[in-house]
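In our numbering, the protein residues as written are 1 to 125.
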């Protein structure tokens, strides 16, 4: 029987989590460099993905575990591109990584939005 790692220092993050954290950091850096008006536009685009099912679907079925689709990601990317091509490309990379690993749920999107707001709060004088 093989030995499994149940605990210890390597139990928390998986190797792809480091890539994901780097992508979130890049998104945060691009976000804080935007003007306040552009930040609001980016948040509006992200919120459309998060609350689209609430607006058009069954309100009782909305959950943080609901998945967002590649089409929703593409729509958000296209809305961000005129605002900031760098932010849009960073978002595309982040979303593609989540789609690839199967973690494309609304919870990760809410966490990203919280991280972006937090980064703004830290950067403000």
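Just so it is clear, CB atoms sit at the ideal spot from N, CA and C, and this is done for glycine as well.
Are the beta-carbon atoms belonging to residue 24 and residue 31 less than 8 Å from one another? Residue 31 is positioned such that its CB atom lies no closer than 8 Å to that of residue 24.
Could you tell me the boundaries of the alpha helix (DSSP H) in which residue 78 lies? 70–80
Do the CB positions of residue 28 and residue 111 come within less than 8 Å of each other? no
Close Cβ partners of residue 49 (< 7 Å) along its chain, the five nearest in sequence each way excluded: Cβ within range, chain order: 68, 72, 76 and 109.
Using the Cα positions of residue 98 and residue 17, report the straight-line distance between them to the nearest angstrom. 10 Å
Check the DSSP bridge columns for residue 89 and list the partner residues they point to. Paired residue(s): none; residue 89 is not in a bridge.
Option nearest residue 170 by Cα separation, candidates 19, 118 and 83: Only positions 1 to 125 of the chain appear in this structure, which leaves residue 170 out of reach.
Return yes when the Cβ of residue 120 is within less than 8 Å of the Cβ of residue 39, no when it is not. Result yes, Cβ atoms of residue 39 and residue 120 sit closer than 8 Å.
So, are the CB atoms of residue 26 and residue 90 less than 8 Å apart? Yes, they are a contact pair.
Below 8 Å on the Cβ atoms is my guess for residue 34 versus residue 87; work out the distance and round it to an integer in Å. 7 Å
Pick from 118, 85 and 95: whose alpha carbon is nearest that of residue 19? In terms of Cα proximity to residue 19, the closest of 118, 85 and 95 is 95.
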